[in-house]
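S.K.: First to last, the protein sequences are chains F and R.
Sequential numbering from 81 applies to the first sequence in the numbering used here.
Sequential numbering from 2 applies to the second sequence in the numbering used here.
Even for Gly, the Cβ is constructed at its ideal location relative to N, Cα and C.
Note that the structure is a prediction, hence the values are computed from the model and not measured.
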Amino acid sequence: MEAVFITIAVLAVLGCVAAVILYFVSQKFKVYEDPKIGEVEEVLPGANCGGCGFAGCHAMAEALAKADDISALSCPVGGSAVMSQVAAILGKSVAESAPKLAVVRCSGCTVGENANRQKTLSYDGAKSCAIASTHFAGDTACSYGCLGLGDCVKVCQFNAIKVNPETGLAEVDEAKCVACGACAKACPKQIIEIRDKGRVVKDQARRVWVSCVNKDKGAVAMKACKSSCIGCGKCAKVCKFEAITIEGNVAHIDNDKCKACGMCINECPKKAILATFEPPVKPAPKPAETPAPTEQKVAAAEVNKPDQQ
Amino acid sequence: MLKTFSIGGIHPEENKLSAGNALKQFKLPADIKEVKIPVAQHIGAPAQPVVAVGDDVRVGQVIAQAGGFVSANIHAPFSGKVKKIEATTGDDGKPAMMITIAIEGDEWVETIDRSAGIKREITLSAEEIVKKIGEMGIVGMGGARFPAQVKLAVKPGQAQALIINGVECEPYLTADHRLMLEKSEEVLIGVKILMKAIGVSEAFIGIENNKKDAIDLLSKLAAGYPGIHVQPLKMKYPQGGEKQLIDACIGRQVASGALPISVGAVVQNVGTAFAVYEAVQKNKPLIERVVCVTGKPLQNPTNFWARIGTPVKALIEAAGGIPEDCEKIIGGGPMMGRAFANIDVPIHKGSSGILLMSKEESKRGEIANCIRCAKCVSVCPMGLEPFLLSKVSAKSLWDMAEENHIADCIECGSCSFTCPSNRPLLDYIRLGKGKVMGIMRARAAAAKAAAEAAKPAEEKK
């Protein structure tokens with residue numbers, strides 16, 4: 081019985097001594113961390129995707145707490161909502177930023193008989209765009225387009241990008257994409273662009289983009305792909321907001337200037353400009369000039385129908 | 002027992018189909034009216050064009066000048082008028098800058114000695130030889146295309162032995178083999194010139210034992226050239242690798258990250274030795290080379306003596322045309338060569354072969370899981386762990402790749418060749434090597450910039 085008491089007593093004394101030592105040591109070596117960092121981290125989404133440019137959410141929180149002006153920092157996952165919460169905690173101001181998403185700028189479908197880009201080569205090497213692009217320019221006549229081997233899919237932590245087996249192209253899931261930019265960095269062809277989601281009208285974000293990055297001259301690009309931008313400049317001429325520039329034989333729509341009016345969409349002879357909404361119909365020409373569907377065309381349409389089935 | 006290198010190596014099927022076929026001068030068909038000459042035919046900075054559109058050029062005239070220290074001059078292989086200087090699709094499908102010449106006649110620059118006789122006496126001094134080689138645009142002819150004058154610019158006493166690569170360990174290729182047989186005397190004189198240039202008294206010509214006729218012939222002739230030894234070697238791939246050849250010939254191992262000169266060796270190809278002979282003795286720039294057009298589906302595998310700029314298509318046509326069951330056309334050998342993405346291109350200074358492969362032969366097997374058999378480790382001639390390097394590259398772990406010496410990889414492909422699971426090991430390693438080399442270069446540049454930034458501060462003190 082006595083042994084039990086002695087044991088308890090010794091352990092109790094040891095415990096007390098250790099507690100006292102630990103208390104002083106912890107006081108002496110205390111690392112001060114701004115409590116606001118913890119608070120900010122709570123608010124951040126915790127995805128640790130690195131889209132902000134920092135190693136993870138904690139590093140971002142530290143940077144936010146440290147910086148005097150946080151307008152240059154932004155969390156692509158949380159967007160404006162999270163950033164305004166962060167600004168409230170830190171008592172700093174933050175600029176309103178528009179929600180963004182990744183856009184794949186290639187619509188050169190490579191699968192099927194009616195593919196926009198016909199395959200000219202077959203590649204059976206490692207299934208990686210980065211590796212394939214060190215070997216050659218691509219397995220179609222277009223040396224700029226999507227290789228479809230899915231490097232972007234591998235790096236996406238949000239399961240928001242997929243290679244569609246029906247087109248052979250990478251496609252972004254608008255609902256899941258947080259615009260962290262990992263896919264844009266991984267793409268060796270640099271065809272993925274982070275763009276504004278666009279003004280929401282009737283539950284639909286309106287945005288317009290040129291879905292091609294082919295820098296070849298018009299004739300070459302025309303041969304390589306049915307849906308390539310040939311740099312003709314028709315879209316730039318029709319744009320009232322000077323949002324479209326042609327550089328290196330390819331058009332680009334400026335995010336900030338574009339009002340998503342959609343005037344350029346039907347103007348494009350190659351249908352290389354895509355949008356999330358139906359393009360406005362051109363003011364109809366005088367009724368007399370509108371050619372009525374001829375019998376031939378109707379017949380052709382009917383002949384085509386069984387083929388499609 | 003025959004000598005060979007000490008670690009790793011494989012022995013793929015040789016398939017030297019064209020070994021018995023004599024060199025054949027290739028004459029450009031009359032329907033080809035223009036040729037394209039790439040300005041980047043070597044490792045290093047591309048050459049800068051020095052001719053303008055509309056200029057008349059003669060064979061042997063400089064059309065593009067070396068664009069840096071590691072670069073090489075480019076000479077016109079055909080005479081005529083410069084038609085275009087612009088980027089066109091290269092052999093990988095990416096744009097490449099080329100000078101197009103519309104062929105008119107065959108007028109040569111007068112300074113080139115076109116007589117048939119062999120000139121044995123070497124009149125130039127060592128410095129003059131290196132300068133001449135630089136002027137004549139000689140690059141490593143084995144396929145790596147490293148400018149020759151850069152390798153030859155060694156300090157006196159630094160080099161102890163010259164090693165000549167007559168190994169031709171790539172299956173199928175027979176370009177060097179035929180050159181050694183038919184231009185033996187010229188090759189030996191070329192070796193002598195190279196020995197003088199780097200100031201050594203001994204040279205070893207390494208030749209694999211499957212080329213017994215070349216070994217016999219060169220050994221017999223070498224008796225008249227003191228200091229030149231013919232070294233028969235056991236057949237093993239990749240014996241033509243610089244570090245492997247030094248190990249095989251003189252038994253010295255080059256350290257990781259070091260250059261061959263660190264063990265006193267300079268390595269050059271037999272093709273380079275021949276080009277050096279022509280440049281120094283005959284004043285002829287590098288405008289012609291041996292191209293081995295070969296492959297199982299091909300009708301007449303041939304060793305052509307063709308001018309730089311000759312269209313690949315024309316050479317294949319002359320060897321019997323593209324057969325129906327041809328699935329892949331490779332520039333170089335089957336192990337290290339690269340498949341053409343576009344065959345509407347000219348041959349360049351490093352085109353040792355054009356290889357046609359059937360579907361059956363070129364198909365890659367289905368990729369299975371790594372079974373940790375370590376075959377890749379045992380065949381790696383650099384003593385690396387390919388399975389690990391490939392895995393860390395696939396996962397973008399560049400630090401780990403660097404720690405495991407990915408930069409030492411010579412991209413010989415022995416690992417992929419031997420893998421029973423058909424894993425694309427080299428594909429990933431090559432990707433990782435590229436990234437790691439980029440990181441290493443950036444770090445070296447940053448360190449240099451930092452050192453330079455620190456200098457003025459010290460001076461101020």
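#1: Please say whether Met142 (chain R) and Asn270 (chain R) have beta carbons closer to each other than 7 Å?
#2: Secondary structure at Arg197 (chain F), three-state DSSP: helix, strand or coil?
#3: State the Cα-Cα distance for the pair Lys207 (chain F) and Ser223 (chain F), rounded to the nearest angstrom.
#4: At 9 Å on the CB atoms, spell out the chain R contacts of Ile169 (chain F), in chain order.
#5: So for Tyr1 (chain R), helix, strand or coil by DSSP?
#6: Flag this pair as yes or no: are the beta carbons of Thr5 (chain R) and Ala249 (chain R) separated by less than 7 Å?
#7: Looking at C-alpha atoms only, which residue of F:Ile272, F:Lys350, F:Cys257 is the closest neighbour of Gly225 (chain F)?
#8: Can you list the residues of chain C that Gly225 (chain F) reaches, using a CB-CB cut of under 8 Å?
#9: Which residues of chain F have a Cβ atom closer than 7 Å to the Cβ of Pro324 (chain R), listed in chain order?
#10: Take every Cβ of the region 100-119 of chain F, pair it with every Cβ of the region 130-150 of chain F, and state whether three or more of those distances are shorter than 8 Å.
#11: Along the alpha helix (DSSP H) that carries Gln282 (chain R), what are the first and last residues, could you check?
#12: Is Gly81 (chain R) helix, strand or coil when you go by DSSP?
#13: Kindly indicate the opening and closing residues of the alpha helix (DSSP H) around Trp399 (chain R).
#14: Could you spell out the range, first to last residue, of the alpha helix (DSSP H) harbouring Ser391 (chain R)?
#15: Does the beta carbon of Pro386 (chain F) come closer than 7 Å to any beta carbon on chain R?
#16: Any idea what DSSP makes of Arg287 (chain F), helix, strand or coil?
#17: Note down, one range per segment and in chain order, each alpha helix (DSSP H) of at least 4 residues found wholly within the region 115-191 of chain R.
#18: Less than 8 Å between C-beta atoms, sequence neighbours within five positions excluded: which residues of the same chain meet that for Arg431 (chain R)?
#19: Where does Lys475 (chain R) sit, in a helix, a strand or coil, going by DSSP?
#20: Do the region 337-353 of chain R and the region 391-406 of chain R touch if we need at least three Cβ pairs shorter than 8 Å?
#21: Report back the beta-carbon spacing between Ile317 (chain R) and Val294 (chain R) to the nearest angstrom; my notes put them in contact at under 8 Å.
#22: For Lys95 (chain R) and chain F, any beta-carbon pair shorter than 7 Å?
#23: If I follow the unbroken alpha helix (DSSP H) through Leu357 (chain R), where does it start and stop?
#24: Residue range of the beta strand (DSSP E) that Thr303 (chain R) falls in?
#25: Residues bridged to Pro96 (chain R) by DSSP?
#26: Under the criterion of a Cβ to heavy atom distance below 6 Å, does Leu398 (chain R) qualify as lining the ligand SAM?
#27: Considering only the alpha carbon of each residue, which of F:Ile274, F:Asp276, F:Ser307 lies closest to Thr247 (chain F)?
#28: Any chance the region 179-188 of chain F sits against the region 56-74 of chain R, with 3 or more Cβ pairs inside 8 Å?
#29: Give a yes or no on whether the minimum CB-CB distance between Ala298 (chain F) and chain R is below 7 Å.
#30: Rounded to the nearest angstrom, how far is the Cβ of Ser291 (chain F) from that of Cys186 (chain F), given a contact under 8 Å?
#31: List, in order along the chain, the chain R residues whose C-beta lies closer than 8 Å to that of Phe216 (chain F)?
#32: Just verifying my parser: in three-state terms, what is the DSSP assignment at Ala182 (chain F)?
#33: Which word fits Arg444 (chain R), buried or exposed, when buried means at least 16 other C-beta atoms lie within 10 angstroms of its C-beta?
#34: Among R:Leu195, R:Leu426, R:Thr90, R:Ser363, which residue has its Cα nearest to the Cα of Asn370 (chain R)?
#35: Along chain F, which residues have their Cβ under 9 Å away from the Cβ of Arg365 (chain R)?
#36: Take Val437 (chain R) and list the residues in its own chain whose beta-carbon comes closer than 8 Å to its own, dropping the five residues that flank it on each side.
M.R.: Looking at the atomic coordinates:
#1: For the purposes of this step, residue 270 (chain R) is identified with residue 269 of the second sequence, where counting begins at 1. For the purposes of this step, residue 142 (chain R) is identified with residue 141 of the second sequence, where counting begins at 1. A Cβ-Cβ contact shorter than 7 Å links Asn270 (chain R) with Met142 (chain R).
#2: Locating residue 197 (chain F) in the first sequence gives position 117, counting from the first residue. If DSSP states are grouped into helix, strand and coil, Arg197 (chain F) belongs with coil.
#3: Position 127 of the first sequence, counted from the first residue, corresponds to residue 207 (chain F). Position 143 of the first sequence, counted from the first residue, corresponds to residue 223 (chain F). Going by C-alpha positions, Lys207 (chain F) is about 18 Å away from Ser223 (chain F).
#4: In the first sequence, residue 169 (chain F) corresponds to position 89, counting from 1. Within 9 Å Cβ-Cβ: nothing; Ile169 (chain F) doesn't reach chain R, min ~34 Å.
#5: Chain R is shown only over 2 to 462; residue 1 (chain R) falls outside these bounds and no answer can be derived.
#6: As a working note, residue 5 (chain R) is residue 4 in the second sequence. As a working note, residue 249 (chain R) is residue 248 in the second sequence. At a Cβ-Cβ threshold of 7 Å, Thr5 (chain R) and Ala249 (chain R) count as neighbours.
#7: Residue mapping note: residue 225 (chain F) aligns to position 145 of the first sequence, counting from 1. Distance from the Cα of Gly225 (chain F) is smallest, within the candidate group F:Ile272, F:Lys350, F:Cys257, for F:Ile272.
#8: Considering every chain present, this structure includes no chain C. Its protein chains are F and R.
#9: Reading the second sequence from its first residue, position 323 is the one you call residue 324 (chain R). By Cβ distance, chain F contributes nothing, its closest Cβ being about 17 Å from Pro324 (chain R), past 7 Å.
#10: Touching, yes.
#11: Counting from one through the second sequence, the residue named residue 282 (chain R) turns up at place 281. From DSSP, the alpha helix (DSSP H) with Gln282 (chain R) extends over 271-283.
#12: Looking up residue 81 (chain R) in the second sequence gives position 80. Here Gly81 (chain R) sits in strand by DSSP.
#13: Translated into the one-based positions of the second sequence, residue 399 (chain R) becomes position 398. Where Trp399 (chain R) is concerned, the enclosing alpha helix (DSSP H) stretches over 399-404.
#14: As a working note, residue 391 (chain R) is residue 390 in the second sequence. Element bounds for Ser391 (chain R): 387-395.
#15: If you number the first sequence from 1, residue 386 (chain F) lands on position 306. A caution first: Pro386 (chain F) carries a pLDDT of 42, below 50, which makes its placement in the model unreliable, though a value can still be read off. False, the Cβ-Cβ gap to chain R never drops below 7 Å.
#16: Residue 287 (chain F) sits at position 207 when you count from the first residue of the first sequence. Residue state, collapsed to three classes: coil.
#17: Within the region 115-191 of chain R, the complete alpha helix (DSSP H) segments at least 4 residues long are 127-136, 149-153, 176-183, listed from N- to C-terminus.
#18: Mapped onto the second sequence, residue 431 (chain R) falls at position 430. Only Cys410, Glu412 meet the Cβ criterion.
#19: The displayed coordinates of chain R run from 2 to 462. Any statement about residue 475 (chain R) would go beyond what the structure contains.
#20: No, the region 337-353 of chain R is not in contact with the region 391-406 of chain R.
#21: As a first step, residue 317 (chain R) must be located in the second sequence, where it is residue number 316. As a first step, residue 294 (chain R) must be located in the second sequence, where it is residue number 293. About 6 Å separates the Cβ atoms of Ile317 (chain R) and Val294 (chain R), confirming a contact at the 8 Å cut-off.
#22: The residue labelled residue 95 (chain R) in the question sits at position 94 within the second sequence. It does; some Cβ of chain F falls within 7 Å.
#23: For this step, residue 357 (chain R) is matched to residue 356 along the second sequence. If you look at Leu357 (chain R), you'll find it isn't in any alpha helix (DSSP H); it sits in the beta strand (DSSP E) that goes 354-359.
#24: Counting from 1 along the second sequence, the entry for residue 303 (chain R) is found at position 302. Its beta strand (DSSP E) spans residues 303-308.
#25: As a first step, residue 96 (chain R) is located in the second sequence; it is residue number 95 there, counting from the start. In the DSSP output, where bridge partners are listed per residue, Pro96 (chain R) has R:Thr90.
#26: Ligands displayed in this structure: none; no statement on the ligand SAM is therefore possible.
#27: The residue labelled residue 247 (chain F) in the question sits at position 167 within the first sequence. The shortest C-alpha separation from Thr247 (chain F) is found at F:Ser307.
#28: Three or more Cβ pairs closer than 8 Å define a contact, and the region 179-188 of chain F falls short of that threshold against the region 56-74 of chain R.
#29: The residue you call residue 298 (chain F) lines up with position 218 of the first sequence. According to the sequence displayed, residue 298 (chain F) carries Gly and not Ala. Cβ-Cβ to chain R under 7 Å: no for Gly298 (chain F).
#30: Residue 291 (chain F) sits at position 211 when you count from the first residue of the first sequence. Residue 186 (chain F) sits at position 106 when you count from the first residue of the first sequence. Yes, they are in contact, since the Cβ atoms of Ser291 (chain F) and Cys186 (chain F) sit about 6 Å apart, within 8 Å.
#31: The residue given as residue 216 (chain F) occupies position 136 in the first sequence. Residues of chain R whose Cβ lies closer than 8 Å to the Cβ of Phe216 (chain F) are, in chain order, Asp93, Gly94, Lys95, Ala340, Ala342.
#32: As a working mapping, residue 182 (chain F) is identified with position 102 in the first sequence. In the three-state DSSP reduction, Ala182 (chain F) falls in the strand class (E or B).
#33: Taking the first residue of the second sequence as 1, we reach residue 444 (chain R) at position 443. The residue in question, Arg444 (chain R), is exposed, as its Cβ has fewer than 16 Cβ neighbours within 10 Å.
#34: Counting from 1 along the second sequence, the entry for residue 370 (chain R) is found at position 369. Of R:Leu195, R:Leu426, R:Thr90, R:Ser363, the residue nearest in Cα terms is R:Leu426.
#35: Within the second sequence, residue 365 (chain R) is the residue found at index 364, counting from 1. Residues of chain F with a Cβ closer than 9 Å to the Cβ of Arg365 (chain R) are, in chain order, Asp204, Gly205.
#36: Residue numbering aside, residue 437 (chain R) sits at position 436 when the second sequence is read from its first letter. The answer, listed in chain order, is Trp399, Ala402, Glu403, Ile407, Ala408.
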